[in-house]
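Novice: Going left to right, the sequence shown walks through residues 29 to 276 as my numbering numbers them.
Please find one structure pasted underneath; my questions will follow.
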Amino acid sequence: SKNDTDFSATISFTAAEATTNQTVYVRFSPISGVNQTINGTILAKSLGSANQSFNVSGTETGNVSGTGTLMIYEVYGGGGNTGATYTNDFVVLYNGTAQAINLSNYSLHYASNTGAFGTTNNANLSGTINAGDYFLIQLAAGATVTDKPLPTPDLVAVLHNNAAQTINLSGSNGKIVLATGAGNTALTGGTDTRIVDLVGYGTANLFEGASAVGALTNSTSAKRKTFVDTNDNGVDFAVVTPNLAYVQ
């Protein structure tokens with residue numbers, strides 16, 4: 029990453045940027061336990077110069093509440109609207125555990141910024157998310173921007189009570205929950221024991237911790253800053269331009 033927020037397998041610097049020293053941010057995903065060390069290599073390529081490689085490593089030194097769990101990693105609700113980055117809304121999950129997880133006993137529940145969770149705007153999940161991996165869930169599409177498809181999703185979600193429709197997220201303010209159990213039972217609120225992870229954004233009246241993520245737009249998403257869940261949306265997430273290269 030060039031900014032410690034938007035991470036991908038490759039990054040590029042312009043000719044102007046290459047005239048000065050640049051900082052490259054690297055992060056890793058611990059797969060099991062404390063004090064596990066991950067090693068890697070950065071390969072720097074430049075026109076007219078020999079390639080250079082640099083070895084890097086990182087060690088997990090402690091556990092934080094929520095680490096080693098299944099979590100919501102990114103939320104985008106502006107799909108297909110004017111100025112959209114992608115044609116569809118989406119949610120990305122991340123499996124921070126050391127085992128693959130069968131998602132057949134999980135569901136997504138969505139509510140507006142001030143609305144209550146009900147039984148209609150929910151989707152049952154299916155499929156398997158491997159340890160240390162992402163899971164891209166495709167949601168509703170707007171009608172304006174139709175030529176910016178998502179990468180191949182792991183799941184095209186449909187409403188549990190209407191297979192012809194899916195969850196339509198707000199592009200600016202709302203709340204989304206990953207829960208255990210089926211989507212035909214409404215959540216009772218933020219303390220419902222079925223909640224695995226909750227993300228409130230914009231003016232949402234329900235969120236984890238002291239504050240919601242900032243308001244989103246048709247060209248921005250709420251993306252987790254690290255693979256750690258401290259149960260505080262305002263701390264754990266950043267508002268960024270979505271780039272799903274990391275799920276491919």
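Ideal placement from N, C-alpha and C gives every residue a C-beta, glycine not left out.
Treat the numbers as computed from the prediction; the structure is a model and nothing was measured.
Would you report the Cα separation of Gln80 and Asn246, rounded to the nearest angstrom?
Specialist: Near 39 Å, if we compare the C-alpha coordinates of Asn246 and Gln80.
Novice: Check whether the Cβ atoms of Thr142 and Asn261 lie closer than 8 Å to each other.
Specialist: Going by C-beta atoms, Thr142 is not nearer than 8 Å to Asn261.
Novice: As a quick exercise: from Gly160, Leu187, Val268, pick the residue whose alpha carbon is nearest that of Gln127.
Specialist: When only C-alpha atoms are compared, the closest one is Gly160.
Novice: In the DSSP assignment, the beta strand (DSSP E) including Asn150 goes from what residue to what residue?
Specialist: Looking at the DSSP string, the run of the beta strand (DSSP E) that includes Asn150 is 150 to 152.
Novice: By Cβ distance, which residues of its chain are closer than 8 Å to Val84, with the 5 residues on each side in sequence left out?
Specialist: These residues qualify, in order along the chain: Val54, Asn67, Gly68, Thr69, Ile70.
Novice: Output the distance between the C-alpha atoms of Leu215 and Arg222, rounded to the nearest integer angstrom.
Specialist: C-alpha separation (whole angstroms): 8 Å.
Novice: Thinking C-alpha only, which one of Asn123, Thr42, Gly107 is nearest Thr254?
Specialist: Of the listed residues, the one whose Cα sits closest to Thr254 is Asn123.
Novice: Less than 8 Å between the CB atoms is what I'm expecting for Asn196 and Ala168, so what's the real figure, rounded?
Specialist: Asn196 to Ala168, Cβ: 4 Å. Contact.
Novice: Whose C-beta lies closer than 7 Å to the C-beta of Gly105 among residues of the same chain, with five residues either side of it excluded?
Specialist: Taken in chain order, the residues that qualify are Asp117, Leu197, Ser198, Gly199, Gly202, Leu244.
Novice: Buried or exposed for Pro181, please, with buried defined as at least 16 other CB atoms from any protein chain shown within 10 angstroms of its CB.
Specialist: With 16 or more Cβ atoms within 10 Å of its Cβ, Pro181 is classed as buried.
Novice: What does a CB cutoff of less than 8 Å around Thr51 pick up in its chain, not counting 5 residues either side in sequence?
Specialist: The residues are Lys30.
Novice: Can you tell me which of Val224, Tyr138, Gly230, Gly217 puts its alpha carbon nearest to the alpha carbon of Val186?
Specialist: Cα-wise, what sits closest to Val186 is Tyr138.
Novice: Three-state secondary structure (DSSP) at Ala78?
Specialist: Of the three classes helix, strand and coil, the one that applies to Ala78 here is strand, per DSSP.
Novice: Leaving aside the five residues before and after Asp225 along the sequence, list all residues of the same chain whose C-beta is less than 6 Å from its C-beta, in chain order.
Specialist: Around Asp225: Met99, Ile100, Leu206.
Novice: Buried or exposed for Asn49, going by 16 or more other Cβ atoms inside 10 Å?
Specialist: Counting Cβ neighbours within 10 Å, Asn49 comes out exposed, since fewer than 16 surround it.
Novice: Label Thr194 either buried or exposed according to how many other C-beta atoms from any shown protein chain fall within 10 Å of its C-beta, with 16 as the threshold for buried.
Specialist: Flag for Thr194 reads buried.
Novice: Who are the near neighbours of Glu236 in its chain, counting only those whose CB is closer than 7 Å to its CB and skipping five residues on each side?
Specialist: Cβ neighbours of Glu236 beyond the five flanking positions: Leu226, Asn259, Asp260, Asn261.
Novice: Start and end of the alpha helix (DSSP H) containing Asn123?
Specialist: Counting along the chain, Asn123 falls outside any alpha helix (DSSP H), though it belongs to the beta strand (DSSP E) covering 116 to 123.
Novice: In whole angstroms, what is the alpha-carbon distance linking Asn190 and Gly242?
Specialist: Between Asn190 and Gly242, the C-alpha separation is close to 31 Å.
Novice: Tell me the rounded alpha-carbon separation between Thr113 and Gly209.
Specialist: When rounded, the distance between both Cα atoms is 32 Å.
Novice: What whole-angstrom Cβ distance do Pro177 and Thr269 have, given they're in contact under 8 Å?
Specialist: Incorrect: roughly 17 Å between the Cβ atoms, too far for contact.
Novice: With a 10 Å radius around its C-beta and 16 neighbouring C-beta atoms as the bar for buried, classify Asn63 as buried or exposed.
Specialist: Low per-residue confidence applies at Asn63: pLDDT is 49, beneath 50, and the placement is therefore not dependable enough to give any value.
Novice: Have a look at Thr38 and Phe265 and give me their C-alpha separation to the nearest angstrom.
Specialist: Between Thr38 and Phe265, the C-alpha separation is close to 22 Å.
Novice: List the residues that DSSP assigns as beta-bridge partners of Gly228.
Specialist: For Gly228, which the question treats as bridged, DSSP gives the partners Lys203.
Novice: Quick one: Cα of Leu164 to Cα of Asp175, how far?
Specialist: Spanning the two alpha carbons is a distance of roughly 19 Å.
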